[in-house]
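Asks: What follows is a single structure, and I will ask about it in a moment.
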Amino acid sequence: MKLMPCPLNGPRNMSEFSYGGEVRVRPEPGADPAVVADYVFHKHNQPEVTREWWCHVPTSTWFIAERNLATDEIVRTYLPSDPLFAEGGTP
Amino acid sequence: MSAARLPAPFGRLVDRERSVTFSFEGRRITGLAGDTIASALAANGQWMLSRSFKYHRPRGLVSAAGLEANALVQVGHEPNVAADRRAITPDLDVRAVNTFGGLDHDLGRAIGLLSRFMPVGFYYRTFYTPRAAWKVWEPVIRRLAGLGTISPKAPHGYFDKAYLFADVAVIGGGPAGLAAALAAAEAGAEVLLVEDGPVLGGSATFARPEPNGVAAVEALAARVQAHPRVTVLTEAVCQGLFADHWLSVTQGNRLNKVRARSVVVATGAHESPAVFRGNDLPGIMLGSAAQRLMRLWAVRPGREAVVLAGNDDAYEVALDLAEAGVRVVAVADLRADPGSDPRVGAVRARGIAVHAGTTVAEALGQDNHVAAVRLAPVTGPGTFGAVGEPVACDLVAMSVGYVPATALLTQGGARIVPDDATFMPRVEDLPAGLFAAGSVGGVWTAERVVEDGTRAGRAAAAHAGHACPVPGPVAPDGEGRTWPIPVFPHPKGKEFIDFDEDLQVHDIIDAAAMGWDHIQLLKRFSTAGMGPTQGKLTNALVQGLLGRVTRQVAPRVGTVTIRPPITGEKLGHLAGRGFEPRRLTALHHRHEALGATMMVAGTWMRPAHYGPDLASAVEAEVAAVRQAVGMIDVSTLGKLEIRGPDAARFLERIYTWKYETLAVGRVRYVLMLDETGGIIDDGVAARVHAEHFYVTATTGGVDRVYRLMQFFNAQWRMKVDIANVTAAYAGINVLGPASRAVVQAVGTTVDLAPDAFPYLGVREGEVGGVPARLMRIGFGGELGYEIHVPASQAGALWDALIKAGAGHGLRPVGVEAQRVLRLEKGHVIVGQDTDSLTHPLEASLGWAVGRKKTDFVGKPALDILEARPQSRRLVGFALDPAAAVIPKENHLVIRDGRIAGRVTSITRSSTLGKVIGLAYVEPDQAGEGTVFTVRADGGTLVSATVVPTPFYDPDNARQEM
């Protein structure tokens, strides 16, 4: 089983985590239906390093994992309070 | 003691003083303690173990190490037991598999006569056209081509799981693994050593010993076992290597899940058979199998032997056989020049004929056993010249080459590259933390193996954080041990290249000629390597043959992956003891004492009804609530505390309705959507303070709701604290016209007067001396109080309510009656009356959406959904009293012969004297009085009429008293 480095709890078994989807910008109400549909139904899902939401369920800790979807390598993880989250870029 | 046994030191695993009797095919067989099923049978002259998969040919053991399906037997109810690995115990009931009428008189052997009508890809080519043919043939083929029987009467067994942790896991307890384990432990690492056999020592336990070789390995094993930082698991199989060094290790009825920081794979290599006509006859085995039979179990593998050699190790086999009293008739050496190794000289010195450049062209059988071979000169790759006269023998021992057991390394991400120097695959690109030691990594001679093991053990310890000097790599020395592709097609066929799947050489050649000439295509079309052992013994031969016939060099042929589980995990291992939580409310034992029938609700246990009979209990419990008072344990409800300056604003973003304007002391319904606009949960929010809401969620939904609240606030960063207090509080819903009197009688500091504490109010105070939160809500539509108290004091409150309610007709009420009560009021259960696509308008919950709100989770999608034409509507209905059958939940609404919707809830209401329910219908059918049709059990069509909800007390007067 894969290990996930939780920024709060250190490396834990993947079965303790819940996936929250790619980090995306939610459209404002009143946005064009096509934009809303794209947000709700389409996933970016490219073989590259992607920012994802993950939750360590036993401690309810939501954080960001930058994961390479081609190799399943977890590049780094950090809490949303980390300045890295606001920066928004991938390494 | 059997006369067939060899004297000591042969038979290091058997106890000659203890005999064990078991049964094989109904016959009594006596072996020795320490025997495997196969070795005990061999000692009793029973060499045939099974009939083959397709042609029902007699088959016996080839590897004596669990590498081929030939040795699979049925033991009692247990299918697919490896007879060459399972130790005998008294009264084992062993049966051969894949026979009709027993092993000796198998009626299926006639299939062999039809073999020319069963070409490669037989199933795909013969039975898939026309499509219907497969339906006819599949059961016949499945019956013919079985391997064991799954018994529906198998008794339950106890299977459990263990979680183990190690700095370094070492797989394989041979000399390389032992050296690695010791080196890692001495460097300070906690080590787990996994060995699939009953004893440590690997090939040193059965191969011809070098001077002092056995003593050296035994001393090494003793040091490993005595080391305080080493844990040794024997008769344990590493079934798979998964991400981040997570190992599955089965041992008996236990599944060990192992997390290691680094892994040393020291799984060694096994011999590969030669392929010639008749090579599948019992009595034809690997040289190492003959050595195992002798040294481990003291079984003489035959009386007259021919040794087929491709390396010098074959001469050790010949010497071992001769010393065990087997007459070695001849050594046929594939090599044109056997060379000058002293072992070759020793064989010649015994007067044994050594035929250089010679193969076995054909083996001849009699009485289901090899009886003779014909030898022939090797003239080129896979070709031979003039075939000689039969040479009588009852044993053919093949030592022609090796295949490293690289399965775990490839699972761990290493690359396997064919090597033209050794004719054995080479391991490359080992990922960090994964190490190979010994022959699996190309290091073979005894002293170098120990050196390589020490290197790997230290490297693994260093990777695990125990700094130590790591020696440089040990040079591989695998050359000359493997004869390239010992596959000799015969004009008359029957040269088996995959025993599990009964494939002959021409099957592979034909498949390649048909265009299935990539190894992955060939594997799937021919099924080579897809048998129970995944072709461990023969994959290399199939790859080599494919390369030969397509004139490709090995690297271009590619290889196939041996996937976990390596030998097989039982369903029991996987299903075994689980760790699913089972949650009990604080009142569980009171329900049991009252004779409740319990039911599972998510992870919780809840009382379904009190007393054994469902129908009468539900009727009485519903009547109590409608006429007197009932008491429901609602402790499983999700409970969340939302506190902070932004609490109201937070709820407005999470839920669909308005909460900033909700007065303190008031309760309001909450409805949660996902971003597609679909309903995912509901409950109530009670404002106990301007900055504090007490929110309920559904029993099954609270964990998700809590997680989503955390998720959203991780982004919104509002000033709010969210706590899941589900387990901290118990809830008792006191419901019915007499509920006020009962709560009053228990004694409370809360003023229960209707004006002081109206419907949808929340109050804090004491009830029966217990601190409590009271909410005037209730699914059931009667005057009622939902009382939430600390879980530790729920029992005291329950007892006080029972006592106070005695004079008021109070009854405990279970989930089943609660469902009837809510349906009479037309309330929706999220997840039962809604599905993942239901939006509020469809479920007639549009009133719970704050229309002036600018945003909440799901609003953008909901706005779009509501602007579109509606496709369905959830309505209340009453069933036609004349209906022949009462439909069930999920029965379909039929309109003009097509599906127009479905019933989501239905019950017979004794209160109303009719059958009522909720159903999805098309929007134009939703009007009051519309009659629609439901298809019930057996296709019976019944009619129902749309009626307004609530069905009971439509003005809601009773709950607002």
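Same order as they appear, the protein sequences are chains G and E. As numbered in the UniProt record's numbering, residues 1 to 91 make up the first sequence, in order. As numbered in the UniProt record's numbering, residues 1 to 961 make up the second sequence, in order. All C-beta atoms in this analysis are idealised placements derived from N, C-alpha and C, irrespective of residue type, glycine included.
1) Using three-state DSSP, classify N724 of chain E as helix, strand or coil.
2) How is A882 of chain E classed by DSSP in three states: helix, strand or coil?
3) Quick check on the burial criterion: 16 or more other C-beta atoms within 10 angstroms. Buried or exposed for P486 of chain E?
4) How many Å lie between M1 of chain E and G31 of chain E at the Cα?
5) For the region 644-677 of chain E, which residues have a beta carbon sitting closer than 7 Å to at least one beta carbon of chain G?
6) Please identify, using Cβ separations under 7 Å, the residues of the region 12-30 of chain G that lie next to chain E, in order along the chain.
7) Residue ranges of each alpha helix (DSSP H) run of no fewer than 4 residues wholly in the region 160-203 of chain E, ordered along the chain?
8) In terms of DSSP beta bridges, what is T30 of chain E paired with?
9) Looking at chain E, is there any beta carbon in it that lies within less than 8 Å of the beta carbon of K43 of chain G?
10) I'd like to check one pair, G778 of chain E with L735 of chain E: are the Cβ atoms closer than 8 Å?
11) Distance check for V684 of chain E and V815 of chain E, CA to CA, integer angstroms please.
12) Per DSSP, which one or two residues make a beta bridge with D337 of chain E?
13) Just mark Y158 of chain E as buried or exposed, buried being the case when its beta carbon has 16 or more other beta carbons within 10 Å.
14) Answer yes or no: does any C-beta atom of chain G fall closer than 8 Å to that of A274 of chain E?
15) Give me the chain G residues within the contact set of T854 of chain E, using Cβ-Cβ distance strictly less than 8 Å, ordered along the chain.
16) Could you have a look at S2 of chain E and say whether DSSP puts it in helix, strand or coil?
17) Just curious, the beta strand (DSSP E) that W604 of chain E is in, first and last residue?
18) DSSP beta-bridge partners for residue 963 of chain E?
19) By Cβ distance, which residues of its chain are closer than 8 Å to V344 of chain E, with the 5 residues on each side in sequence left out?
20) Is there a C-beta anywhere in chain E that falls below 8 Å from the one on W62 of chain G?
21) Starting from L735 of chain E and walking both ways along the beta strand (DSSP E), at which residues does that stretch end?
22) Find out if the Cβ-Cβ distance for the pair T649 of chain E, G795 of chain E is shorter than 8 Å.
23) With DSSP run on the structure shown, which of helix, strand or coil describes E447 of chain E?
24) On the DSSP letters alone, give me the boundaries of the beta strand (DSSP E) that R524 of chain E sits inside.
25) Helix, strand or coil for Q744 of chain E? Go by DSSP, reduced to three states.
26) By the criterion of Cβ-Cβ separation under 8 Å, what are the contact partners of F711 of chain E in chain G?
27) Against chain E, with Cβ distances strictly below 8 Å, would V36 of chain G count as a contact?
28) Determine whether the beta carbon atoms of G846 of chain E and P840 of chain E lie at a separation below 8 Å.
29) Are the beta-carbon atoms of T696 of chain E and G638 of chain E separated by less than 8 Å?
30) What number of angstroms, rounded off, separates the C-alpha of T603 of chain E from the C-alpha of P612 of chain E?
31) Just to confirm my understanding: we take P887 of chain E, look at its own chain, exclude 5 residues before and 5 after, and list those with CB closer than 7 Å. What are they?
32) The region 73-84 of chain G: which residues have C-beta closer than 9 Å to a C-beta of chain E, in chain order?
33) To which residues of the same chain is T940 of chain E closer than 8 Å at the C-beta, ignoring the five residues directly before and after it?
34) With a cut-off of 8 Å, do at least 3 Cβ pairs link the region 274-286 of chain E to the region 387-404 of chain E?
35) Measuring only the C-alpha atoms, how far is L84 of chain G from E52 of chain G?
36) Please list, in chain order, all residues of the same chain as A459 of chain E whose beta carbon is under 6 Å from its beta carbon, the five residues on each side excluded.
Replies: Reading from the atomic positions:
1) Reading the second sequence from its first residue, position 724 is the one you call residue 724 of chain E. In the three-state scheme derived from DSSP, where H, G and I count as helix and E and B as strand, N724 of chain E is classed as strand.
2) In the second sequence, the residue the question calls residue 882 of chain E occupies position 882. Here A882 of chain E sits in coil by DSSP.
3) Here residue 486 of chain E is taken as the residue at index 486 of the second sequence, counted from 1. The residue is buried, with at least 16 neighbouring Cβ atoms inside 10 Å.
4) Counting from one through the second sequence, the residue named residue 1 of chain E turns up at place 1. Counting from one through the second sequence, the residue named residue 31 of chain E turns up at place 31. Residue placement at M1 of chain E cannot be trusted, given a pLDDT of 36 that sits under 50; the coordinates are not used to answer.
5) Listed in sequence order: E675, T676.
6) So the close ones are S18, G20, P27, P29.
7) The region 160-203 of chain E contains these whole alpha helix (DSSP H) runs: 175-186.
8) Sequence index remark: in the second sequence, residue 30 of chain E carries index 30 (1-based). Answer is E:T21.
9) Working through the first sequence from its first residue, we reach residue 43 of chain G at position 43. Any Cβ of chain E closer than 8 Å to the Cβ of K43 of chain G would place that residue at the interface, and such an atom is absent.
10) Here residue 735 of chain E refers to the residue found at position 735 of the second sequence. Here residue 778 of chain E refers to the residue found at position 778 of the second sequence. In this structure, L735 of chain E sits near G778 of chain E, with a CB-CB distance shorter than 8 Å.
11) Numbered from 1 along the second sequence, position 815 holds the residue referred to as residue 815 of chain E. Numbered from 1 along the second sequence, position 684 holds the residue referred to as residue 684 of chain E. Going from the Cα of V815 of chain E to the Cα of V684 of chain E covers about 19 Å.
12) If you number the second sequence from 1, residue 337 of chain E lands on position 337. The beta-bridge partner set that DSSP reports for D337 of chain E is empty.
13) Taking the first residue of the second sequence as position 1, residue 158 of chain E is located at position 158. So Y158 of chain E counts as exposed.
14) Here the question's residue 274 of chain E lines up with position 274 in the second sequence. Taking 8 Å as the CB threshold, A274 of chain E stays off the interface with chain G.
15) As a working note, residue 854 of chain E is residue 854 in the second sequence. Chain G residues near T854 of chain E: P29.
16) Your numbering for residue 2 of chain E matches position 2 in the second sequence. Model confidence at S2 of chain E stands at a pLDDT of 44, short of 50, so the residue's coordinates are unreliable; what they give is reported in the following sentence. The answer is coil: DSSP assigns S2 of chain E none of H, G, I, E or B.
17) Translated into positions along the second sequence, residue 604 of chain E becomes position 604. W604 of chain E -> beta strand (DSSP E) spans 604-610.
18) Chain E is shown from 1 up to 961; residue 963 of chain E falls before or after that span and cannot be answered.
19) The sequence position of residue 344 of chain E within the second sequence is 344, counting from 1. For V344 of chain E, where only same-chain residues beyond five positions count, the Cβ hits under 8 Å are D312, Y315, P338, V354.
20) Here residue 62 of chain G refers to the residue found at position 62 when the first sequence is read from its first residue. The beta carbon of W62 of chain G sits closer than 8 Å to some beta carbon of chain E.
21) Working through the second sequence from its first residue, we reach residue 735 of chain E at position 735. Per DSSP, L735 of chain E belongs to the beta strand (DSSP E) from 729-735.
22) Here residue 649 of chain E refers to the residue found at position 649 when the second sequence is read from its first residue. Here residue 795 of chain E refers to the residue found at position 795 when the second sequence is read from its first residue. In the sequence under discussion, the amino acid at residue 649 of chain E is Arg, which differs from the Thr named in the question. Their beta carbons are not under 8 Å apart, which means R649 of chain E does not touch G795 of chain E by this criterion.
23) Sequence index remark: in the second sequence, residue 447 of chain E carries index 447 (1-based). Here E447 of chain E sits in helix by DSSP.
24) By one-based count along the second sequence, residue 524 of chain E stands at place 524. It is not in any beta strand (DSSP E) - R524 of chain E instead sits in the alpha helix (DSSP H) that spans 519-526.
25) By 1-based counting over the second sequence, the position of residue 744 of chain E is 744. Helix.
26) The count along the second sequence starts at 1 and reaches residue 711 of chain E at position 711. Listed along the chain, the chain G residues whose CB falls inside 8 Å of the CB of F711 of chain E are G20, W53, C55, W62.
27) The residue you call residue 36 of chain G lines up with position 36 of the first sequence. Yes, V36 of chain G counts as interfacial toward chain E.
28) As a position in the second sequence, residue 846 of chain E is number 846, starting the count at 1. As a position in the second sequence, residue 840 of chain E is number 840, starting the count at 1. A contact, by the Cβ cut-off of 8 Å.
29) For the purposes of this step, residue 696 of chain E is taken as residue 696 along the second sequence, with counting starting at 1. For the purposes of this step, residue 638 of chain E is taken as residue 638 along the second sequence, with counting starting at 1. Yes, Cβ-Cβ distance for T696 of chain E and G638 of chain E is below 8 Å.
30) To locate residue 603 of chain E, count along the second sequence from 1; it is residue 603. To locate residue 612 of chain E, count along the second sequence from 1; it is residue 612. So the alpha carbons of these two residues sit roughly 23 Å apart.
31) Translated into the one-based positions of the second sequence, residue 887 of chain E becomes position 887. V903, I906, V934, A936, V942.
32) Look at the region 73-84 of chain G: the residues with a C-beta under 9 Å from a C-beta of chain E are L79, P80, S81.
33) Counted from its first residue, the second sequence places residue 940 of chain E at position 940. These residues qualify, in order along the chain: A884, V885.
34) Verdict: yes, contact present.
35) Within the first sequence, the letter at position 84 stands for residue 84 of chain G. Within the first sequence, the letter at position 52 stands for residue 52 of chain G. So the alpha carbons of these two residues sit roughly 13 Å apart.
36) Counting from one through the second sequence, the residue named residue 459 of chain E turns up at place 459. The answer, listed in chain order, is F435, V470.
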